[in-house]
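**Q** Okay, handing you the structure first.
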Amino acid sequence: MKNSSNIKQIELLDIQRIASLCYIVTTMVSIFLTTHREDVLKGKDGSLTNLQAKKINVGNHFTILILACVFLYVNHVNLNLAREQGKDTHLLTLQYTSAVLAVIGAILVLYVVIVEPVQNETGAFENPEL
1494 MKNSSNIKQI
1504 ELLDIQRIAS
1514 LCYIVTTMVS
1524 IFLTTHREDV
1534 LKGKDGSLTN
1544 LQAKKINVGN
1554 HFTILILACV
1564 FLYVNHVNLN
1574 LAREQGKDTH
1584 LLTLQYTSAV
1594 LAVIGAILVL
1604 YVVIVEPVQN
1614 ETGAFENPEL
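Numbering (my numbering), first residue to last: 1494 to 1623.
This is how it looks when you write it as C-alpha cells:
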C-alpha cells in the first residue's frame, strides 16, 4: 500500500510540474498582452488588433482556469491519500480550500474577459495573472 501511495504521489508531482510550466507560459502571454496594451496606450502601433488581443486573452484565461482545476484535482487527491493513511489533514484542507477559491476566481476573471467588449480600456488586462 505504501508503495502504491508513493507512486501516486510521484504521479501527482509530475502533474504539478507540468502545470507549473504551463503557468509560466500563461504568465509570459500575459506579459506580452500587457506590453501590447502599453504600446497601444502610448500611441504606438500594436502588434495585434484589439480583437486578436481579446481572443488571446480569453484563451489565456481559459488555460488558467484549466490549470486551476488541475491543481484542485491534485490537492483533492493528496487530501484523500492523507486521510487514507490517517495523517493530519489540516494543512492539506487549507490547500484544498485555497484551490477551490482559485478556481472560483479564475471563473470570475474568465467571465469578465469574455463579456468585456473589445475597446480601448484596460479592464481585461489589469489582472492577467489570475
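Glycine is no exception: its CB is placed at the ideal position from the N, C-alpha and C atoms.
Since this is a predicted model, take the numbers as computed values, not measurements.
What is the DSSP secondary structure of residue 1541, reduced to helix, strand or coil?
**A** Coil at residue 1541, not helix or strand.
**Q** Within 8 Å, do at least three Cβ pairs link the segment 1574-1584 to the segment 1544-1554?
**A** As far as the Cβ criterion goes, the segment 1544-1554 does not touch the segment 1574-1584, which means the pair count is below three.
**Q** Quick check on this structure: which residue in 1526, 1501, 1581, 1518 has the alpha carbon closest to the alpha carbon of residue 1548?
**A** Checking every option, the nearest Cα to that of residue 1548 belongs to 1526.
**Q** According to DSSP, simplified to helix, strand and coil, what is residue 1504?
**A** Note: residue 1504 maps to helix in three-state DSSP.
**Q** If you reduce the DSSP assignment to three classes, tell me which class residue 1578 lands in.
**A** If DSSP states are grouped into helix, strand and coil, residue 1578 belongs with coil.
**Q** Considering only residues of the same chain and omitting the five flanking positions on each side of residue 1607, which have a CB-CB separation below 7 Å?
**A** If we look at residue 1607 and ignore the five residues flanking it on each side, its Cβ neighbours are 1551.
**Q** Per DSSP, what kind of secondary structure is residue 1531 in: helix, strand or coil?
**A** In this structure, residue 1531 counts as helix in the three-state DSSP scheme.
**Q** Counting Cβ pairs, one atom from each stretch, are 3 or more of them under 8 Å apart for the segment 1500-1520 and the segment 1557-1568?
**A** In short, these stretches touch, since the Cβ pair count reaches three.
**Q** Might you give, ordered along the chain, the residues of its own chain that have their beta carbon closer than 7 Å to the beta carbon of residue 1600, omitting 5 neighbours on each side?
**A** Correct list, in chain order: 1558.
**Q** So, for residue 1617: in the same chain, excluding its five sequence neighbours on each side, which residues have a beta-carbon less than 6 Å away from its beta-carbon?
**A** Low confidence applies to residue 1617: its pLDDT is 49, below 50, so where it sits in the model is not reliable, and the reading given next is rough at best. Excluding positions up to five away in sequence, the list reads 1550, 1606, 1609.
**Q** Can you look up residue 1598 in the DSSP assignment and give me helix, strand or coil?
**A** Note: residue 1598 maps to helix in three-state DSSP.
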